[in-house]
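Enquirer:
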Amino acid sequence: MDTLLQVSSGLFLLIGSFLCLSGGVGILRFPDFYTRMHAVGVTDTLATAMILTGLILHNPDFMVDVKLVIILLMTLFISPTASHALANAAMHEDLAKQNEQ
Amino acid sequence: MKDLLAVIMLLGIYSLLSASFFVAMDAVDVAFTEASVGAGISTLLMLVAITMTGRSEHPVRHKPLLALAVVIVTGSLLIYGTLDMPYFGSAEAPIHQHVAPRYINDSMQEIGVPNIVTSVLASYRAFDTFGEVVVIFTAGMGVLALLSVARRPVDIKKVNSFNNSMHEQHLVLRIVTKMLIPFILLFALYVQFHGDFGPGGGFQAGVIFASSIFLYTMLFGMTTARRLINQSFIQILAASGVLLYGSVGVVSLLNGKNFFDYSALSSDPVAGQHLGILLIELGVGITVASVMVIIFFKFADRRDYSPSNENKDF
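Line order of the protein sequences matches chains A and B. Whatever position you read off the first sequence (first residue = 1), add 42 for my numbering. Whatever position you read off the second sequence (first residue = 1), add 139 for my numbering.
#1: Step through the CB atoms of chain A and report whether any lies within less than 7 Å of the CB of Leu325(B).
#2: Taking Thr182(B) and Leu150(B) to be in contact with their CB atoms under 8 Å, please state how far apart those CB atoms are, rounded to whole angstroms.
#3: Would the stretch 367-380 of chain B and the stretch 194-208 of chain B be scored as touching if the rule is three or more Cβ pairs under 8 Å?
#4: Distance, Cα to Cα, Asn450(B) vs Ala138(A)?
#5: Would you report the Cα separation of Gly360(B) and Ala131(A), rounded to the nearest angstrom?
#6: Going by DSSP, what residue range makes up the alpha helix (DSSP H) through Asp142(B)?
#7: Would Arg144(B) count as contacting chain A if we go by Cβ distances under 7 Å?
#8: Among Ala410(B), Tyr384(B) and Gly424(B), whose alpha-carbon lies nearest the alpha-carbon of Phe398(B)?
#9: Assuming Ile425(B) contacts Ser379(B) under a Cβ cut-off of 8 Å, what Cβ separation, rounded to an integer in Å, is found between them?
#10: Rounded to a whole number of angstroms, what is the C-alpha to C-alpha distance between Leu392(B) and Val274(B)?
#11: Figure out for me which residue from Ile314(B), Ile147(B), Gln343(B) and Phe276(B) has the closest Cα to the Cα of Thr190(B).
#12: Helix, strand or coil: which one does DSSP assign to Ser371(B)?
#13: Grouping DSSP H, G and I as helix and E and B as strand, with all else coil, what is Ser287(B)?
#14: For a test of the three-state rule: what should DSSP assign to Ser229(B), helix, strand or coil?
#15: Any Cβ of chain B within less than 7 Å of the Cβ of His126(A)?
#16: When you compare only the Cα positions, how much space is there between Asp86(A) and Val427(B)?
#17: Is there a C-beta anywhere in chain A that falls below 7 Å from the one on Leu286(B)?
#18: Which chain A residues sit within Cβ distance under 7 Å of Val315(B)?
#19: Determine the burial state of Tyr263(B): buried for a count of at least 16 other Cβ atoms within 10 Å of its Cβ, exposed for fewer.
#20: Quick one: list the residues of chain B neighbouring His80(A), beta-carbon separation under 8 Å, in chain order.
#21: Three Cβ pairs or more, each shorter than 8 Å: is that satisfied between the stretch 219-235 of chain B and the stretch 164-179 of chain B?
#22: Might you give, ordered along the chain, the residues of its own chain that have their beta carbon closer than 6 Å to the beta carbon of Phe438(B), omitting 5 neighbours on each side?
#23: Thinking C-alpha only, which one of Ala410(B), Val330(B), Val167(B) and Val387(B) is nearest Gly340(B)?
#24: So with CB distances below 9 Å, who are the chain B contacts of His134(A)?
#25: Tell me, please, whether the CB atom of Leu456(B) is closer than 7 Å to any CB atom in chain A?
#26: In chain A, which residues lie with their C-beta within 9 Å of the C-beta of Leu312(B)?
#27: Where does Asn299(B) land, buried or exposed, given buried means 16+ other C-beta within 10 angstroms?
#28: Taking the CB atoms as reference points, tell me whether Arg313(B) and Leu358(B) lie closer together than 7 Å.
#29: Could you tell me how far apart the beta carbons of Ala129(A) and Met92(A) are, in whole angstroms, since I believe they sit closer than 8 Å?
#30: Excluding the five sequence neighbours on either side, which residues of its own chain have a C-beta within less than 6 Å of the C-beta of Ala158(B), listed in chain order?
#31: Using 10 angstroms around the beta-carbon of Gln412(B), count the other beta-carbons present and answer buried if the total reaches 16, otherwise exposed.
#32: Which residues in the same chain have their Cβ closer than 6 Å to the Cβ of Ile352(B), if we skip the five residues on either side of it in sequence?
#33: Which residues in chain A sit within 9 Å of Leu319(B), going by Cβ to Cβ distance?
#34: If you compare alpha carbons, which of Val389(B), Ala230(B), Gln374(B) and Ser406(B) is closest to Ala265(B)?
#35: Restricting to runs no shorter than 3 residues, where is the beta strand (DSSP E) found entirely within the stretch 193-238 of chain B?
#36: If we count the other Cβ atoms within 10 Å of its Cβ and call it buried at 16 or more, is Leu404(B) buried or exposed?
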């Protein structure tokens, strides 16, 4: 049971790190704002969730686990909203520029 | 680098990186304050400032050689002045021989608070922290004195109709913010009163409290936020935080001990220390939150009244 927890927490941490890296590569390599947002919007949130899950599985202390779960819930709310806010602002400004033209 | 937005983002990233290496050095209180103030509030206030001033830097027409010379001379004099001091981090420096061992060894018996940073900040060096709070309060007064504009009467129906028309565009943000603001405020209270046992304390809590109000103001408009938080109320609140802090010191004086000697506040010295730390952290939190809100509201007022923004609410 113990080794199962350690192995699965390590697996989650690795997947989370890989997602974070791939989101970063996406930001650097994609040509346009919207494609970059597409690359980082999902992978950023999922990477944070994976890393936090890995940490929760790694840690036996109950109070620390409760705090990590709260952080996970907050991240699941806040991170997609931030991506939405960015993309919405960009779309609004593009439409305003098109209307001016 | 001419684009001020990029400069502000770089400053925010620098702040966040500093916070992470403070954590790596085991200084979590400092990291918390650096992350919340530097990567949070400072970035936000500077972004508000560049919405007023414009996004790119004006080209400089002359090379400031005289300024460069003055900076080089002053800098070299300062470096020359520090050559006699003990090496950075040396174990023989006086601070590691006398001051730090006293704090580390005696803090638990004298003050009884697990977090040594809070006991040093709030009890051993309470006078310096008093100076910090007064500096923050003075900054708020400076902004009030320089940036006040007379508010013209607002047409409530026009503002409400404008807010409702913007509701569709900001729907997701408004709903998520309404759900999250109670938790942010709760977290601010937790950080305020948990400073004795973990990283936290008045400064970070005040900043987190103020940031929730900024979030509300950005999404729902300045007029709605003004109805929520009255200008005179927030000014009185800022002053009362500093007053609370100073009164704790004066009460200690009146009870016969030194200024800010909290053992005079109660029959049991350690309980007096706890009470003193609680009260002054409360004063710090109140002042920091109110001054941040005052500064943000003043910036936003200036932005409202610039000629290009006649018809737009914040």
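No residue lacks a Cβ here, since even glycine has one placed at the ideal position from N, Cα and C.
Expert: Quick look at the numbers:
#1: no
#2: About 7 Å separates the two Cβ atoms, so the contact holds.
#3: The answer is no - the stretch 194-208 of chain B does not touch the stretch 367-380 of chain B, with fewer than three Cβ pairs under 8 Å.
#4: Its pLDDT being 37, under 50, Asn450(B) is placed unreliably in this model, and the value from its coordinates should be taken loosely. Approximately 16 Å between the Cα atoms of the pair.
#5: 16 Å
#6: Premise fails: Asp142(B) is in no alpha helix (DSSP H) and is neither H nor E.
#7: Per the sequence shown, residue 144(B) should be read as Leu rather than Arg. So no, Leu144(B) is outside the interface.
#8: Tyr384(B)
#9: 7 Å
#10: 23 Å
#11: Ile147(B)
#12: helix
#13: coil
#14: coil
#15: yes
#16: Distance between the alpha carbons of Asp86(A) and Val427(B) is about 32 Å.
#17: no
#18: Phe119 and Thr123
#19: buried
#20: Ordered by position in chain B, no residue passes the 8 Å Cβ test against His80(A), which lies about 17 Å from the chain.
#21: no
#22: Val187
#23: Val330(B)
#24: Gln308
#25: In this structure chain B extends from 140 to 453, so residue 456(B) is not present and cannot be described.
#26: Thr123, His126, Ala127 and Asn130
#27: With fewer than 16 Cβ atoms within 10 Å of its Cβ, Asn299(B) is classed as exposed.
#28: yes
#29: Wrong, their Cβ atoms sit about 23 Å apart, outside the cutoff.
#30: Ala170, Glu173 and Ala174
#31: Of the other Cβ atoms in all chains shown, 16 or more fall within 10 Å of the Cβ of Gln412(B); this residue is therefore buried.
#32: Val432
#33: Near Leu319(B) (Cβ distances below 9 Å), the residues of chain A are Met116, Phe119, Ile120 and Thr123.
#34: Val389(B)
#35: none
#36: buried
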